[in-house]
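Enquirer: One structure coming up, written as structure tokens, with questions to follow.
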Amino acid sequence: MLLPLLAALAAAAAAWPGCEPARGPAGGCHRPSASDSAMCVDLQLQACSDAAYNQTAFPSPLEHRSREALEASSEYVLLSVLHHLLEGQCNPDLRLLGCAVLAPRCEGGRVRRPCRQVCERLREACQPAFDAIDMAWPYFLDCGRYFGGEEEGCHDPLEKLRGALDAEEAPPSGPPPTFLHFTHHSYAQMVRVLRRTAARCAHIASTYSIGRSFDGRELLVIEFSSRPGQHELMEPEVKLIGNIHGNEVAGREMLIYLAQYLCSEYLLGSPRIQRLLNSTRIHLLPSMNPDGYEVAAAEGAGYNGWTSGRQNAQNLDLNRNFPDLTSEFYRLISSRGARTDHLAIPQHYWWGKVAPETKAIMKWMRTTPFVLSASLHGGDLVVSYPFDFSQHPHEEKMFSPTPDEKMFKLLARAYADVHPMMMDRSENRCGGNFLKTGSIINGADWYSFTGGMSDFNYLHSNCFEITVELGCVKFPPEEALYPLWQHNKEPLLTFVEMAHRGIKGMVVDKFGKPVRNARVSVKGIRHDVTAAPGGDYWRLLPPGSHIVIAQAPGYSKVIKKVTIPARMKRAGRVDFILQPLPAGPKKFLQGPRRSSPGLQDPLEGAGPSGEPLGARRQPENSGGKPWWWAYFTSLSQHKPRWLLKY
Ligand SMILES: [Zn+2]
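Numbering (mature numbering (1 follows the signal peptide of the UniProt record, and there is no 0)), first residue to last: -21 to -1, 1 to 625.
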């Protein structure tokens, strides 16, 4: 196989008579470059079987002289396991991009390079996924080196993926659409609208998947930010989640409309939306339970019962499937000095059934420093806020506030107070519930339950999440969608803007470097927030005077008094510079309670569908190589050091 190939290559080279380069441009003789004369052979690589072309040529741009040599390379191995490594993110796009370099398209005796633009777009979108696993960007995906420009006839290795989306519609150009279609969206339609919206607003939006549902549907997120794909220092991150209950579909539609609205308004130059997107990173997950939606949609509006499609495909209620940290909170709160924030997920939680959708949300929360969140439901008309689980386990209805009761009430009010139906006291809405409380309620005071997403957000992370019940009907008829949007557009925007209430800033050492494990406490509120890896923090706070303390293990505390005026709409900036404690017996502060060393944390593993990589990520393997390193080194004597960041 190899010999005839080499012979053929030699023959091809010989077919070009020698030519003196010195003859100059006028001479009309040009030396064949590798891409001009190639012998196309069938592309027989498993990892590239879905490529948009079926012929390649050797040697490859990475100097592999045969298919066998290529298959034995670390580069190829990386492509084969990329899906598992990145847990579905950026795939298959990134794998196909890699294939286009390793085994480039060959056509009519000519090798074509993949387009640089495609590489650059993917790099921007996918770099965070590599960062999350501490892996360097693969050298062979260097957009400047292995990719070409349009002028040299590059090809788009992702054209097949795009085909399905773009075929029906002209590429996103021209004036932005100013109207939305107020219809229900099937899964395919939802994906198409989100992708198309991201393409239309490519400089401020992108889509990504946080994982898959039990039946394998991508949990697709569209994000809006001045730099999509990246966390920016001191820019708060907000998430809005719809359709956690598959048959509560209004939230799903509201978020699909909101995505299109944000894109259009930005392009049309709306100062409010431009300001919002330039200062906030907003993530919309219209459907957290796409499998349940299918069940509900099969019955359709007007026929859907109270519960068909509520659960995921495993029959799990996703809003009961999160770890119950609230019980742990109630246990700890009575002991002085015990930390009651950033509680660890108890080991026994993983012994039960954990839905892939739940797991995807938990991982998402771990990789993104969310400040604010809302989960959109249907079946009533009210905004509820944590805790959802009653402080007395046997009380089905019992007011059970968090230490941030004041702030949560403000957040709930921010939504309800600008919602015409929630504010309408004359209308007989949803049986007139919650009229007296102004359409907001403490969750446990309504009805108590464990395993909810909002309690988990508050007790495990920095994120404050509220629950919005958008209306009485869980699966509204299509004609109700437009009024629903009219009622909820302003509340959604006002709520997202609330991410800018309180204070934010940096916690750094005297050299200006971010302090790891820094936490920010507020006197009188027993709930600390932690700084993000870049040293930035956000603390949502109601107006008034607060004593704020920043501290970290090995540093002395810094205390500041801040006053937040009643009408202040931008977070006040409060930075902290921590001084190291003098040497000697150190008084260590307790860091955030993550899983203790030695215990397995399945969130760190390779994902719900088995562990193809053989090795699990070890928690805090200090100074060692990342968890995936052993896998690559076990396969070959060539250690792919280029995968290491340091
Ligand atoms: Zn619900």
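Heads up, the beta-carbon is just placed ideally off N, CA and C, and yes, glycines get one too.
1) If you measure between the beta carbons of Val553 and Val527, is that distance less than 8 Å?
2) For Glu227, is the beta carbon positioned less than 7 Å from some heavy atom of ligand 1?
3) Considering only the alpha carbon of each residue, which of Arg546, Pro399, Ser192, Ala353 lies closest to Glu336?
4) Can you have a look at Asn467 and say buried or exposed, based on whether 16 or more other CB atoms are within 10 angstroms of its CB?
5) Start and end of the beta strand (DSSP E) containing Glu202?
6) Assuming Glu448 and Leu360 make a contact with CB atoms under 8 Å, what is their CB distance in whole Å?
7) CA-CA distance, Asn412 and Pro522?
8) In angstroms, rounded to a whole number, what distance separates the CA positions of Ser575 and Gln326?
9) Among the candidates Val501, Ala31, Glu384, Asp434, whose CA atom is the shortest distance from the CA of His525?
10) For His356, is the beta carbon positioned less than 7 Å from some heavy atom of ligand 1?
11) When you compare only the Cα positions, how much space is there between Ser39 and Cys242?
12) Just mark Ser314 as buried or exposed, buried being the case when its beta carbon has 16 or more other beta carbons within 10 Å.
13) I'd like the span of the alpha helix (DSSP H) that includes Cys242, first residue to last.
14) Report the CB separation of Ala280 from Pro455 in whole angstroms; it is logged as a contact under 8 Å.
15) Could you give the first and the last residue of the continuous alpha helix (DSSP H) run that contains Cys98?
16) Inspect the beta-carbon positions of Asn441 and Thr509 and report whether they are closer than 8 Å.
17) Using C-beta distances below 6 Å, list every residue in its chain close to Met377, excluding the 5 sequence neighbours before and after it, in chain order.
18) Would Val97 pass as a contact of Tyr125 if the rule is Cβ separation under 8 Å?
19) Taking a contact to mean a Cβ-Cβ separation below 8 Å, would you say Ile201 touches Ala177 in this structure?
20) Could you tell me which of Val452, Trp464, Phe37, Pro559 sits nearest to Trp285, measuring between CA atoms?
21) Between Asn294 and ligand 1, is the CB less than 7 Å from at least one heavy atom?
22) Assign Ala395 to one of three DSSP states: helix, strand, or coil.
23) On the CB-based measure, 16 or more other CB atoms within 10 Å of its CB, does Ile324 come out buried or exposed?
24) Between the alpha carbons of Thr612 and Leu219, how many angstroms are there, rounded?
25) Please report the residue range of the beta strand (DSSP E) in which Ser352 lies.
26) Can you give me the Cβ contacts of Ser266 inside the same chain, cut-off strictly under 7 Å, excluding the 5 residues immediately before and after it?
27) Would Gln239 and Leu159 be called neighbours here (beta carbons separated by less than 8 Å)?
28) Considering only their Cβ atoms, is the gap separating Gly316 from Val274 smaller than 8 Å?
29) With contact counted as at least three CB pairs below 8 Å, one residue from each stretch, are the stretch 250 to 269 and the stretch 480 to 490 in contact?
30) Just checking Asn467 against ligand 1 - is the residue's beta carbon closer than 7 Å to any of the ligand's heavy atoms?
31) Measuring from the CB of His224, is there a heavy atom of ligand 1 at a distance below 7 Å?
32) Pairing CB atoms from the stretch 24 to 32 with CB atoms from the stretch 43 to 63, are three or more of them under 8 Å?
33) Below 7 Å, is the gap between the Cβ of Asn298 and the nearest heavy atom of ligand 1?
34) Residues in its own chain within less than 7 Å of Ala339 by CB, not counting five upstream and five downstream?
35) Between the beta-carbon of Asp270 and the beta-carbon of Asp194, is there less than 8 Å?
36) If we ignore side chains and look at the alpha-carbon of each, how far apart do Gly417 and Glu375 end up?
Expert: The structure says:
1) Taking the first residue of the sequence shown as 1, we reach residue 553 at position 574. Taking the first residue of the sequence shown as 1, we reach residue 527 at position 548. Cβ distance < 8 Å, so Val553 and Val527 count as in contact.
2) Numbered from its first residue, the sequence shown carries residue 227 at position 248. Yes - ligand 1 has a heavy atom lying nearer than 7 Å to the Cβ of Glu227.
3) Along the sequence shown, read from residue 1 onward, the residue named residue 336 stands at position 357. Looking at the Cα atoms, Ser192 is the closest of the given residues.
4) Position 488 of the sequence shown, counted from the start, is the residue given in the question as residue 467. Buried: at least 16 other Cβ atoms inside 10 Å.
5) Looking up residue 202 in the sequence shown gives position 223. Run containing Glu202: 197 to 203, per the beta strand (DSSP E) assignment.
6) Within the sequence shown, numbered from 1, the residue matching residue 448 stands at position 469. Within the sequence shown, numbered from 1, the residue matching residue 360 stands at position 381. About 6 Å; that satisfies the 8 Å criterion.
7) As a first step, residue 412 must be located in the sequence shown, where it is residue number 433. As a first step, residue 522 must be located in the sequence shown, where it is residue number 543. Whole-angstrom Cα-Cα distance: 30 Å.
8) Against the sequence shown, residue 575 aligns to sequence position 596. Against the sequence shown, residue 326 aligns to sequence position 347. Residue confidence is low: Ser575 scores 42 on pLDDT, short of 50, so the model does not pin down where it sits. Its coordinate-derived value is still stated next. Spanning the two alpha carbons is a distance of roughly 10 Å.
9) Reading the sequence shown from its first residue, position 546 is the one you call residue 525. The shortest C-alpha separation from His525 is found at Val501.
10) Position 377 of the sequence shown, counting from 1, holds the residue named residue 356. Yes, since a heavy atom of ligand 1 falls inside the 7 Å radius drawn around the Cβ of His356.
11) Taking the sequence shown and counting its residues from 1, one reaches residue 39 at position 60. Taking the sequence shown and counting its residues from 1, one reaches residue 242 at position 263. Distance between the alpha carbons of Ser39 and Cys242: 41 Å.
12) Along the sequence shown, one-based indexing puts residue 314 at 335. Exposed is the call here.
13) Working through the sequence shown from its first residue, we reach residue 242 at position 263. Taken as a continuous stretch (DSSP letters only), the alpha helix (DSSP H) holding Cys242 covers 229 to 247.
14) Along the sequence shown, read from residue 1 onward, the residue named residue 280 stands at position 301. Along the sequence shown, read from residue 1 onward, the residue named residue 455 stands at position 476. Their Cβ separation, rounded to whole angstroms, is 6 Å, which keeps Ala280 and Pro455 in contact under 8 Å.
15) The residue you call residue 98 lines up with position 119 of the sequence shown. Per DSSP, Cys98 belongs to the alpha helix (DSSP H) from 95 to 111.
16) Position 462 of the sequence shown, counted from the first residue, corresponds to residue 441. Position 530 of the sequence shown, counted from the first residue, corresponds to residue 509. Result yes, Cβ atoms of Asn441 and Thr509 sit closer than 8 Å.
17) Indexing the sequence shown from 1 puts residue 377 at position 398. Ser369, His371, Ala423.
18) For this step, residue 97 is matched to residue 118 along the sequence shown. For this step, residue 125 is matched to residue 146 along the sequence shown. Against a cut-off of 8 Å, the Cβ pair of Tyr125 and Val97 comes out as no contact.
19) What you label residue 201 is simply residue 222 of the sequence shown in a count that begins at 1. What you label residue 177 is simply residue 198 of the sequence shown in a count that begins at 1. In contact: Ile201 and Ala177 (Cβ atoms closer than 8 Å).
20) Position 306 of the sequence shown, counted from the start, is the residue given in the question as residue 285. If we check each option's Cα against that of Trp285, Val452 comes out closest.
21) In the sequence shown, counting from the first residue as 1, residue 294 sits at position 315. Every heavy atom of ligand 1 is 7 Å or more from the Cβ of Asn294, so no.
22) In the sequence shown, residue 395 corresponds to position 416, counting from 1. DSSP places Ala395 in helix when its eight states are reduced to three.
23) On the sequence shown, position 345 is the one that residue 324 refers to. Buried, by the Cβ-count rule.
24) As a first step, residue 612 is located in the sequence shown; it is residue number 633 there, counting from the start. As a first step, residue 219 is located in the sequence shown; it is residue number 240 there, counting from the start. In a straight line, the C-alpha of Thr612 is about 41 Å away from that of Leu219.
25) Position 373 of the sequence shown holds residue 352. Start and end: 349 to 356.
26) As a working mapping, residue 266 is identified with position 287 in the sequence shown. Cβ within range, chain order: Met169, Gly221, Asn222, Arg231, Tyr272.
27) Here residue 239 is taken as the residue at index 260 of the sequence shown, counted from 1. Here residue 159 is taken as the residue at index 180 of the sequence shown, counted from 1. For Gln239 and Leu159, yes; Cβs fall inside 8 Å.
28) Residue 274 sits at position 295 when you count from the first residue of the sequence shown. Residue 316 sits at position 337 when you count from the first residue of the sequence shown. The answer is no: Cβ separation not under 8 Å.
29) no
30) Counting from one through the sequence shown, the residue named residue 467 turns up at place 488. It does not: the Cβ of Asn467 is nowhere closer than 7 Å to a heavy atom of ligand 1.
31) Stepping through the sequence shown from its first residue, residue 224 is reached at position 245. Yes, since a heavy atom of ligand 1 falls inside the 7 Å radius drawn around the Cβ of His224.
32) yes
33) Here residue 298 refers to the residue found at position 319 when the sequence shown is read from its first residue. At least one heavy atom of ligand 1 is nearer than 7 Å to the Cβ of Asn298, so yes.
34) Numbered from 1 along the sequence shown, position 360 holds the residue referred to as residue 339. Taken in chain order, the residues that qualify are Ile189, Gly190, Leu198.
35) Residue numbering aside, residue 270 sits at position 291 when the sequence shown is read from its first letter. Residue numbering aside, residue 194 sits at position 215 when the sequence shown is read from its first letter. Contact: yes.
36) On the sequence shown, residue 417 is found 438 positions in, with the first residue counted as 1. On the sequence shown, residue 375 is found 396 positions in, with the first residue counted as 1. If you take the alpha carbons of Gly417 and Glu375, they lie about 22 Å apart.
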